[in-house]
Every structure is written in C-alpha cells, then in structure tokens.
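If you're matching them up, the sequences are chains A and B in order.
Residues 30 to 124 (our numbering) are what the first sequence spells out, left to right.
Residues 30 to 124 (our numbering) are what the second sequence spells out, left to right.
Backbone N, C-alpha and C define an ideal beta-carbon position, used for all residues, glycine too.
Just so you know, these numbers come straight off a predicted model, no measurement behind them.
Written below as structure tokens is the structure these notes are about.
Number of protein chains: 2
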Amino acid sequence: MLIRTPADLGAVIRDRRKRLKLDQSTLAKRIGVSRQWVIDIEHGHPRAELALVLRALDALGIPLDADDQQMTSRGSARSAIDINAIVAKAKKSRT
Amino acid sequence: MLIRTPADLGAVIRDRRKRLKLDQSTLAKRIGVSRQWVIDIEHGHPRAELALVLRALDALGIPLDADDQQMTSRGSARSAIDINAIVAKAKKSRT
DNA sequence: CTTAAATGTCAGCGATCGCTGACATTCCCA
DNA sequence: TGGGAATGTCAGCGATCGCTGACATTTAAG
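This is the structure we're talking about:
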C-alpha cells in the first residue's frame with residue numbers, strides 16, 4: 030500500500046497486527062515502546078518518531094520501499110539532456 | 030530503495046534533492062519546514078516527525094510503499110490452515 | 001587566490017514527544 | 001448475561017522536537 034499520510038501508516042500497522050493475532054501490549058513489547066505509543070500510531074499520530082515507526086514496521090515484517098529514481102517531472106521523460114541542469118546554470122552565470 | 034533506518038531515508042532524500050538540482054533552502058520552503066530540519070533529516074535524524082517526513086517525500090516525488098500482505102513468517106508459506114489462529118485460541122481456552 | 005553560495009554548527013525557546021499508571025469503555029466467549 | 005481481555009482516555013513528567021538567527025566551514029566558479 031502507498032503511504033501518503035500518518036493515517037495510512039496507522040491502518041497498515043493495525044491490519045498487520047491483527048493478521049498476526051497480536052494484541053497491542055505484545056506488539057509494544059516487540060517494538061520496544063509503550064502500549065500508549067501503539068495506540069497513538071494506529072490512530073494516525075502525525076508526530077511519531079521516525080525511528081520508532083521503522084522499528085514497528087520491522088517488527089511486523091513490513092518492508093518499506095522508497096521509489097527513488099522515479100521520473101516525477103511533468104513533460105517528456107528521461108532524456109539524455111538534463112534540462113534542469115542547463116537552466117540552473119543559465120540562471121547563475123547571468124552575464 | 031528499502032528503508033530500514035533513518036539514515037537510509039536521509040540518503041534517499043539527499044540524493045533526490047541533488048538530482049532535482051535543489052539546495053536545502055529551496056527544498057525546505059517546498060516542504061514547509063526550516064532549513065535546519067532538512068539538514069537534520071539528511072543526516073539521518075532518528076526522531077524526526079512522521080508527517081514532516083511524508084511531506085518531504087511527497088515534495089520530492091518519492092512514492093513510499095509498505096508491502097503489507099507480505100508473508101514474513103519463517104517456515105512454510107501461505108497455508109490454507111491458519112496455525113497462528115489455532116495456537117492463539119488454544120492458549121486462551123486452556124480448559 | 002578571491003568570492004559567493006551552499007552547507008554545517010550552535011544556543012535558546014515554546015511546544016510536544018513517549019512513558020507510566022490508573023481508570024473507562026468496548027469486545028467477545030462461555 | 002456475566003466477566004475478563006482488549007482497547008481507549010487522561011494527567012503529569014523529563015526529554016527532545018523544530019524554529020530562529022547568527023556564525024563557521026566547505027564547495028565551486030572565475
């Protein structure tokens with residue numbers, strides 16, 4: 030599933046936990062956090078600590094993949110000529 | 030790239046920023062955070078806020094995918110019989 | 001070498017983290 | 001329907017967040 034918001038993450042974690050038949054206390058111990066933290070993250074807590082989130086995903090066996098390399102730029106894809114670089118340079122050496 | 034640690038995330042963000050020819054200040058404005066935050070995250074700051082991290086990835090056009098559904102359990106894969114459920118139940122109804 | 005941009009460091013501030021422990025509520029078997 | 005497990009809520013605490021602004025260092029172009 031694509032993760033766009035803290036709520037998305039909370040849903041993934043909760044679903045996974047249930048699929049594994051774990052209760053919040055047990056999961057909390059595995060991750061090394063308090064039960065309160067598990068409650069908060071499952072509710073989409075937006076300010077959770079990055080490292081704890083990663084540990085939670087690991088404890089649940091959920092790999093997290095960042096599609097770097099991605100061609101997001103609107104317009105023509107993957108050209109041999111790096112337009113961005115050319116424009117950036119042009120802006121600077123404004124003779 | 031698989032994200033396992035805050036450092037992994039920092040690397041992905043920095044690489045992507047450079048590929049897009051952005052400096053830290055510009056990226057910070059796009060994300061809506063301070064330049065200090067960008068510096069910290071690129072250095073692998075482990076306690077960064079989840080929501081800000083997600084906004085950063087979005088600003089950089091990096092989709093984040095969580096492989097739920099994954100069969101992580103060691104042992105035989107995807108059986109029709111849910112051993113975990115059976116064991117969990119057995120533990121409870123300890124006659 | 002000179003210079004400017006980019007990056008990194010530091011300190012101080014208000015806000016919020018995650019933790020604990022007690023209690024309230026909801027689920028769900030038997 | 002009764003009762004225990006699971007889940008959710010609250011408050012108070014020390015620790016750390018992310019922010020600002022100034023300054024130091026590194027990088028890159030000329």
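Query                                                                                                                                                                         : Result
I need the straight-line Cα distance from residue 36 (chain A) to residue 99 (chain A), nearest angstrom please.                                                              : 24 Å
Does the CB of residue 71 (chain B) have a neighbour CB from chain A at under 7 Å?                                                                                            : no
Please return the same chain residues whose Cβ sits closer than 7 Å to the Cβ of residue 59 (chain A), not counting the five positions on each side in sequence.              : 88
Here's the rule I'm using: 16 or more other beta-carbon atoms within 10 Å means buried, otherwise exposed. How should residue 76 (chain B) be labelled?                       : exposed
Quick check: is the beta carbon of residue 90 (chain B) nearer than 7 Å to any beta carbon in chain A?                                                                        : yes
Among B:74, B:64, B:38, B:86, whose alpha-carbon lies nearest the alpha-carbon of residue 54 (chain B)?                                                                       : B:64
Could you tell me which chain A residues have their CB closer than 8 Å to the CB of residue 32 (chain B), listed as they occur along the chain?                               : 83, 93, 94, 95
Return yes when the Cβ of residue 71 (chain B) is within less than 7 Å of the Cβ of residue 42 (chain B), no when it is not.                                                  : yes
Whose Cβ in chain A lies nearer than 8 Å to the Cβ of residue 65 (chain B)?                                                                                                   : The premise fails here: residue 65 (chain B) is roughly 16 Å from chain A at the closest Cβ pair, so nothing lies under 8 Å.
Any beta-carbon of chain B closer than 7 Å to the one on residue 45 (chain A)?                                                                                                : yes
Using a Cβ-Cβ distance under 7 Å, would residue 79 (chain B) count as near chain A?                                                                                           : yes
Write down the C-beta distance between residue 95 (chain B) and residue 86 (chain A) rounded to the nearest angstrom, noting that I regard them as a contact closer than 8 Å. : 7 Å
To test your reading of the DSSP string, which unbroken beta strand (DSSP E) runs of 3 or more residues are found completely within the stretch 51-110 of chain B?            : 93-95
Kindly indicate which three-state DSSP category residue 120 (chain B) falls into: helix, strand or coil?                                                                      : Residue placement at residue 120 (chain B) cannot be trusted, given a pLDDT of 49 that sits under 50; what the coordinates show is reported in the next sentence. In this structure, residue 120 (chain B) counts as helix in the three-state DSSP scheme.
Using a cut-off of 8 Å between C-beta atoms, extract the partners of residue 86 (chain A) located in chain B.                                                                 : 95
Could you tell me which chain B residues have their CB closer than 7 Å to the CB of residue 41 (chain A), listed as they occur along the chain?                               : 95, 97
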